Amino acid sequence: MDPLPDETLFARLMKGDEEALETLFARYAPPLYGFLWRLTSDQALAEDLLQEVFIRLVNYAGKPPLYFRAWLYTIARNLAYSSLRAHGREQAHRAYSVAESDEVLKDTTQNLPEKVILSRDNEERVRQSLERLPDEQREVVLLRFYQGLSLEEIAAVVEVSLGTVKSRLYRALRLLRGMLLREEMKENER
Amino acid sequence: MNDESGQKYPAKPDDFPEMEAWERDMADVLKKSEPPPLAPEKMEALLATLRPMVAARREESTPNLSKTAGRMDFGEFIRLVRGQASLLERPFWMVMGLIMAGNLALLASNILQPLITTLFLALPLVGGISIVYSLHGSRGGMWEIEQASPAGLQRIFASRLTLMFVLQLLLALPVLVSYGAQAGVLVLARMVLAWLAPTVALSGMILFLFSYWGEWPSVGITVLVWGSLILFGASRAGFIGFAEMVLARIVFNPLLPLLAVLGLAAGLAFGALGLRRLASGRSSWS
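Respectively, the protein sequence lines represent chains A and B. Add 40 to a position in the first sequence, counting from 1, and you land on the number used in this note's numbering. Add 4 to a position in the second sequence, counting from 1, and you land on the number used in this note's numbering.
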């Protein structure tokens, strides 16, 4: 039997169906937590935010959303940014400045090798590189590659056009690639 | 929304025909990074926090059928019944038309008239099956749509049951009028009871069973119960011309008023339980 669509489950949850809650929770708690953790770089904060997202979900009394997943990630994203702002930690992830980004991109096209070869023990390097992406680029990467959202869903979550999402994704991947290649070269030189 | 240009990816997200090798490579690299695991006890604690909130919502949203029924404007209700009638499919109307035509044809025929009692005995079953037919969508994907309709689920159910009751009454009316005209008001009243009580009892039972197990089990069990009762009566009547004998025994049974009251009460109680379950959505998609 096909799994029930999120929208049906949420309609049931709004009527007080605990099974619907458990299914939605099992479906979304782990990926949402991953998203929030990557967005905030803070495990405790990500757990608190996850709780807040689900409390909002359970107590929601408005019109049911047409596209549940995009709506859910919009809540999570907005809560995460509000919380970071409230804690004065908007730059907690040490994003690259424009000049730094430009330098990396220039290197990528001129001086660096073609391919990124990462071993499993280099996950930390990926995480650090992700943290250095500007917010607007990092969030589209997270939503696309870790959460598996469609480009249309991402556009709905971050409230920009589809073209902007594509463009941000492309720039983010180029920048990430540049950062990882530079790190790799430094590693090889040592 | 500002567009910063770029037609890098196709609108369909799950294939990237335009994605270059280095981008695919980067996507693979990214997927190697995993978040720290979320402890199962934390997940369970969070769920435990959420469950009472969901339970509170359930209490808020449990429908009160009597509450909405009292506020219905008659004209609005009739419009709703007409709307529901338009949703019934052509095969249903054809079956109803055939039964009615058979009814009238048997009444008009001197030779076949005894068969009308057989048809009359089957009418409670037709009533029950009609109710299941009228509500079958509410146990499936229609529930959410009906729930969201401005008329309200309770009114929709009430209008459908009213519609089905009126149709059943129309089917029974030729026999009731015909026998009533011949045998007098007292017999007519007892015949009305002999029709109404089993119709309501079987409808309540089938509705209750339907809310748990769906169409086929509920129809099957109800046919079995009513069929067994009729067969039992037929065996005692010696099978030849059994329908008239069974009907006569029902109509002239001294316990008929008491049995009718019990049947009506049981039917209404089971029907209310079934409707409540359907309205709560607990039976849908199961």
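Beta carbons are placed, not taken as given, at the ideal position from N, Cα and C, and that holds for glycine. Since we're looking at a predicted model, the values are computed, not measured.
query                                                                                                         : result
Minimum Cβ-Cβ distance from residue 291/B to chain A less than 8 Å                                            : For chain B, the structure presents residues 5 to 290; residue 291/B sits outside this window and is missing.
Residue 270/B at chain A interface by Cβ criterion, 8 Å                                                       : no
Any C-beta of chain A under 8 Å from that of residue 229/B                                                    : no
Beta-carbon neighbours of residue 47/B, restricted to chain D and to distances below 7 Å                      : The structure shown contains no chain D; its protein chains are A and B.
Cross-chain neighbours of residue 225/A in chain B, by beta carbon under 8 Å                                  : Correct list: empty, because the minimum Cβ distance to chain B is about 16 Å.
Contact set for residue 264/B: own chain, Cβ-Cβ below 6 Å, skip 5 residues either direction                   : 197 and 201
Test item: CB-CB of residue 183/A and residue 121/A under 8 Å                                                 : no
Cα-Cα separation, residue 51/A to residue 84/A                                                                : 30 Å
First through last residue of the alpha helix (DSSP H) which encompasses residue 73/A                         : 58-80
Coil, strand or helix - residue 256/B by DSSP                                                                 : coil
Secondary structure of residue 261/B, DSSP reduced to three states                                            : helix
Proximal chain B residues relative to residue 233/A, where beta-carbon distance stays under 8 Å               : Because chain A spans 41 through 230 in this model, residue 233/A falls outside it and cannot be assessed.
CA-to-CA distance, residue 239/B to residue 124/B, given in whole angstroms                                   : 18 Å
Helix, strand or coil at residue 174/A according to DSSP, with G and I counted as helix                       : coil
CB contact flag (residue 163/B, residue 256/B, <8 Å)                                                          : no
Cβ pair residue 193/A, residue 100/A closer than 8 Å                                                          : no
Within-8 Å CB hit, residue 191/B to chain A                                                                   : no
Cross-chain neighbours of residue 40/B in chain A, by beta carbon under 8 Å                                   : 77 and 83
DSSP state of residue 218/B mapped onto helix, strand, coil                                                   : coil
Residue 188/B vs residue 195/B beta-carbon contact at 8 Å                                                     : no
Per-residue DSSP class, three states only, for residue 107/A                                                  : coil
Proximal residues of chain B, C-beta to C-beta of residue 91/A below 8 Å                                      : 50 and 53
Contacts of residue 62/B in chain A (Cβ-Cβ under 9 Å)                                                         : 55, 56, 57 and 58
Assigned secondary structure, residue 112/B (DSSP; H/G/I helix, E/B strand, else coil)                        : helix
Partner residues on chain B for residue 102/A, Cβ-Cβ distance less than 9 Å                                   : Residues of chain B passing the Cβ test: none, with the nearest at roughly 13 Å.
Range covered by the alpha helix (DSSP H) that runs through residue 178/B                                     : 157-187
Three or more C-beta pairs below 8 Å linking the segment 218-229 of chain B and the segment 87-104 of chain B : no
Delimiting residues of the alpha helix (DSSP H) encompassing residue 128/B                                    : 119-139
Check whether residue 267/B and residue 212/B have beta carbons under 8 Å apart                               : no
CB of residue 42/B within 8 Å of CB of residue 71/A, strictly                                                 : no
Endpoints, alpha helix (DSSP H) assigned at residue 86/A                                                      : 83-99
Residues that residue 58/B contacts on chain A, provided the C-beta gap is smaller than 9 Å                   : 53, 56, 57, 58, 60, 61 and 98
Nearest residue (CA-CA) to residue 99/B, options 130/B, 89/B, 120/B and 121/B                                 : 130/B
Buried or exposed by the 16-neighbour rule on C-beta atoms within 10 Å, applied to residue 79/B               : exposed
With 16 other Cβ atoms within 10 Å as the buried cut-off, status of residue 77/B                              : exposed
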